[in-house]
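Residue numbers (our numbering): 96 to 382.
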């Protein structure tokens with residue numbers, strides 16, 4: 096049964112933990128705005144600012160981030176300007192291979208000037224142990240390419256969503272009469288600079304519910320940058336699952352986990368963010 100652990104960060108610079116952080120469970124963060132309140136300001140009649148939590152799960156090093164505040168707007172239709180911000184719990188899933196959780200917070204605003212404030216225990220960050228079931232580690236993970244330089248200042252994943260969908264067309268009326276299970280990836284990778292001949296790609300693996308490898312591929316990313324935003328991306332299907340129509344079934348292994356590594360080649364050198372990215376997927380029966 097999935098569990099939820101709660102981390103509370105109080106105004107007086109103390110924090111408390113309720114419940115054990117468990118692999119496969121949920122982690123909820125309750126953060127007091129007073130810890131990083133100085134970067135909220137009023138600009139053109141609206142209150143602006145944000146506080147972002149950064150959660151790094153070890154040993155893979157993947158970072159999950161999200162806001163711990165929400166906007167409150169003046170009443171109206173449509174709603175009016177932002178008049179305040181209030182605390183908003185952030186919930187994240189704990190990966191099934193996590194052993195430790197590292198955390199820090201960033202408060203900021205950007206107008207004609209910029210304000211930045213950090214809550215990081217003076218640079219040491221906040222650390223917590225993850226327990227629960229033994230860590231699940233695929234026998235054939237995506238291996239690190241020899242010679243690649245770990246440089247997150249050169250390339251990193253800006254955003255990524257991996258989802259399992261039923262792509263079978265739905266009729267105008269009534270329920271769907273078939274299934275076409277697909278795994279989709281929507282990824283944007285940031286790069287510090289680009290040049291003619293540069294190339295970005297991911298090596299990815301798909302695993303079943305027993306962490307057995309069922310698909311492996313190298314996928315080239317397309318350049319999607321514009322103006323000062325230099326980035327590569329991909330949006331589409333990365334794995335074809337089972338299909339079923341009346342009178343016909345084509346079974347495929349049930350994809351339950353995806354791992355990938357990002358690489359960027361420019362000027363004869365290969366760079367990576369150094370992270371083994373991972374996403375866990377629901378079973379086909381729930382789609």
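From the three backbone atoms N, C-alpha and C, an ideal C-beta is built for every residue, glycine too.
From a predicted model like this one, the values you see are computed outputs, not experimental measurements.
Next on the checklist: Need the endpoints of the beta strand (DSSP E) that residue 315 sits in, please.
Outcome noted: Translated into the one-based positions of the chain shown, residue 315 becomes position 220. Residues 308-318.
Checklist entry - residue 311 CB to nearest chain C CB: under 7 Å? => result The structure shown contains no chain C; it holds only a single protein chain.
Item to check | Beta-carbon gap between residue 104 and residue 129 smaller than 7 Å | outcome: Counted from its first residue, the chain shown places residue 104 at position 9. Counted from its first residue, the chain shown places residue 129 at position 34. No, the Cβ-Cβ distance between residue 104 and residue 129 is not below 7 Å.
Item to check | Sequence-distant residues of its chain with Cβ nearer than 8 Å to residue 200 (five each side left out) | outcome: As a position in the chain shown, residue 200 is number 105, starting the count at 1. Cβ within range, chain order: 104, 126, 130, 131, 146, 147, 148, 149, 163, 213, 214 and 215.
Next on the checklist: Give me, in chain order, the residues of the same chain whose beta-carbon lies closer than 6 Å to that of residue 318; leave out the 5 immediate sequence neighbours on both sides.
Outcome noted: Here residue 318 refers to the residue found at position 223 when the chain shown is read from its first residue. These residues qualify, in order along the chain: 327.
Item to check | With 16 other Cβ atoms within 10 Å as the buried cut-off, status of residue 336 | outcome: If you number the chain shown from 1, residue 336 lands on position 241. Buried, by the Cβ-count rule.
Checklist entry - For residue 305, is the classification buried or exposed, using 16 other Cβ atoms within 10 angstroms of its Cβ as the cut-off for buried? => result For the purposes of this step, residue 305 is taken as residue 210 along the chain shown, with counting starting at 1. Exposed: under 16 other Cβ atoms inside 10 Å.
Item to check | Status (buried if at least 16 other CB within 10 Å, exposed otherwise) for residue 217 | outcome: Start at 1 with the first residue of the chain shown, and residue 217 comes out as number 122. So residue 217 ends up on the exposed side.
Checklist entry - Among 372, 121 and 110, which one has its Cα closest to the Cα of residue 226? => result Position 131 of the chain shown, counting from 1, holds the residue named residue 226. Minimum Cα distance to residue 226 is reached at 121.
Next on the checklist: So if DSSP puts residue 378 in a beta bridge, which residue, or which two residues, is it bridged to?
Outcome noted: Stepping through the chain shown from its first residue, residue 378 is reached at position 283. Answer is none; residue 378 lacks a bridge partner.
Checklist entry - Just to confirm, are residue 340 and residue 273 a CB contact at a threshold of 7 Å? => result Mapped onto the chain shown, residue 340 falls at position 245. Mapped onto the chain shown, residue 273 falls at position 178. In contact: residue 340 and residue 273 (Cβ atoms closer than 7 Å).
Next on the checklist: Between which two residues does the beta strand (DSSP E) holding residue 251 run?
Outcome noted: For this step, residue 251 is matched to residue 156 along the chain shown. Per DSSP, residue 251 belongs to the beta strand (DSSP E) from 250-261.
Item to check | Residue from 288, 197 and 183 whose Cα sits closest to the Cα of residue 323 | outcome: Mapped onto the chain shown, residue 323 falls at position 228. Minimum Cα distance to residue 323 is reached at 288.
Item to check | Simplified DSSP assignment, three categories, for residue 287 | outcome: What you label residue 287 is simply residue 192 of the chain shown in a count that begins at 1. Note: residue 287 maps to coil in three-state DSSP.
Checklist entry - Quick one: Cα of residue 252 to Cα of residue 285, how far? => result Position 157 of the chain shown, counted from the first residue, corresponds to residue 252. Position 190 of the chain shown, counted from the first residue, corresponds to residue 285. Looking at the two C-alpha atoms, the distance is approximately 6 Å.
Item to check | 6 Å CB neighbourhood of residue 244 in its chain, flanking five on each side removed | outcome: Position 149 of the chain shown, counting from 1, holds the residue named residue 244. Answer for residue 244: 366, listed in chain order.
Checklist entry - Between residue 275 and the rest of its own chain, which residues show a CB-CB distance below 7 Å, the 5 nearest in sequence each way excluded? => result Position 180 of the chain shown, counted from the start, is the residue given in the question as residue 275. 261, 262, 263 and 338, listed in sequence order.
Checklist entry - Between the Cα of residue 242 and the Cα atoms of 100, 369, 228 and 109, which residue gives the shortest distance? => result As a working mapping, residue 242 is identified with position 147 in the chain shown. Taking only the C-alpha atoms, the option nearest residue 242 is 369.
Checklist entry - Under the DSSP definition of a beta bridge, which residues are partnered with residue 357? => result Counted from its first residue, the chain shown places residue 357 at position 262. BP columns for residue 357 point to 297.
Item to check | DSSP bridge partner residues for residue 325 (one or two, in chain order) | outcome: On the chain shown, position 230 is the one that residue 325 refers to. For residue 325, which the question treats as bridged, DSSP gives no partner whatsoever.
Item to check | Backbone secondary structure at residue 231 - three-state DSSP | outcome: Within the chain shown, residue 231 is the residue found at index 136, counting from 1. Three-state DSSP puts residue 231 in coil, outside helix and strand.
Item to check | Cross-strand partners of residue 104 (DSSP beta bridge) | outcome: What you label residue 104 is simply residue 9 of the chain shown in a count that begins at 1. BP columns for residue 104 point to 110 and 126.
Checklist entry - Start and end of the beta strand (DSSP E) containing residue 162? => result Here residue 162 corresponds to residue number 67 of the chain shown, with the count starting at 1. Start and end: 157-162.
Item to check | Span of the beta strand (DSSP E) around residue 95 | outcome: Nothing in the structure corresponds to residue 95, since the chain is present only between 96 and 382.
Checklist entry - What is the DSSP secondary structure of residue 265, counted as helix, strand or coil? => result Along the chain shown, one-based indexing puts residue 265 at 170. Looking at residue 265 - three-state DSSP - the assignment turns out to be coil, as it is neither helix nor strand.
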